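Structure first, then comments.
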Amino acid sequence: MAIFRPGERHRYHNILRKRRGKRAMVALLSLTAMVDMFTVLVIFLLQNFSGEQQMLQLHKDIELPMARSIKELKPAFVVTVSGKEILVDDTVVATTDEVKAQEDWMIQNLHTKIEESLAKAKSDFETKLQNRIRDVVQAARSEPEEDPNSWNKITIQADRNIDILTVKKVMYTVTEAGGGEINFAVLKEPEHTTN
4 MAIFRPGERH RYHNILRKRR GKRAMVALLS LTAMVDMFTV LVIFLLQNFS GEQQMLQLHK
64 DIELPMARSI KELKPAFVVT VSGKEILVDD TVVATTDEVK AQEDWMIQNL HTKIEESLAK
124 AKSDFETKLQ NRIRDVVQAA RSEPEEDPNS WNKITIQADR NIDILTVKKV MYTVTEAGGG
184 EINFAVLKEP EHTTN
């Protein structure tokens, strides 16, 4: 029987000890430690990337107004009103100066573009709804119910320095083109604490 000095022995102490003639050392990783490490890494990545997603890409010329009370925006068509131009999903439909100068409340290019976009969205939504009806049993188990008017929602992203008449003309045109719920993109005001 071999005599060893007292103390705790690692169960792989023979593997970790240097061997004569060979300089390579073999180290074994514990599977439990590796699983723990990857679990922490996955949780970290999920928390960083699954947080609040930016629903809108802010136009470079726009400074959004501030608001105390806000709701999360849902996906919708975006009408952008900057100091220079009016855009629908990054397509220029009119200049702000033209809209300010015109007497008519209807912005014809905006009306046409919104009608086309909403018609396409309605068609896509109806096709999707027909597919869901066909697969009603499977859909009832797996997918949450969708808002039936989600296809005609509009988000207006207006610069804080735009005059109210221009914004009203844009809202009127969007409503006449068949737009439903209109939301405004805003930034949340920082909360002031009193000490």
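Reading the sequence shown from the start, the letters are residues 4 to 198 in the working numbering.
Virtual Cβ for every residue (Gly too), placed ideally from N, Cα, C.
Keep in mind that this is a model prediction, so the values were computed, not measured.
Check, Outcome
"Selected residue, minimal CA-CA separation from LYS103, among LEU48, ILE165 and LEU190", "ILE165"
"Strand pairing of THR94, partner residues [DSSP]", "VAL91"
"Range covered by the alpha helix (DSSP H) that runs through ALA104", "99 to 104"
"Assigned secondary structure, VAL189 (DSSP; H/G/I helix, E/B strand, else coil)", "coil"
"Backbone CA spacing between GLU118 and ILE46 [nearest angstrom]", "44 Å"
"Three-state secondary structure assigned by DSSP to ALA2", "Within the shown structure, residues of the chain are numbered from 4 to 198, placing residue 2 beyond reach of any answer."
"Supposed contact pair VAL177 and ILE167 - C-beta distance, whole angstroms, cut 8 Å", "Actually they do not touch by this definition, with Cβ atoms about 15 Å apart."
"Distance between beta carbons of ALA79 and LYS156, contact taken as under 8 Å", "4 Å"
"Given SER85 as reference, the closest of ALA70, PRO193 and ALA188 once Cα atoms are compared", "ALA188"
"Residue nearest to TRP154 in terms of C-alpha spacing, selected from LYS125, GLY181 and LYS131", "LYS125"
"Given LYS116 as reference, the closest of GLN133, LEU90, PHE41 and PRO193 once Cα atoms are compared", "LEU90"
"Cβ-based burial, ALA161 [other Cβ within 10 Å; buried from 16]", "buried"
"Residues sharing a beta bridge with THR83, DSSP", "LEU90 and GLN160"
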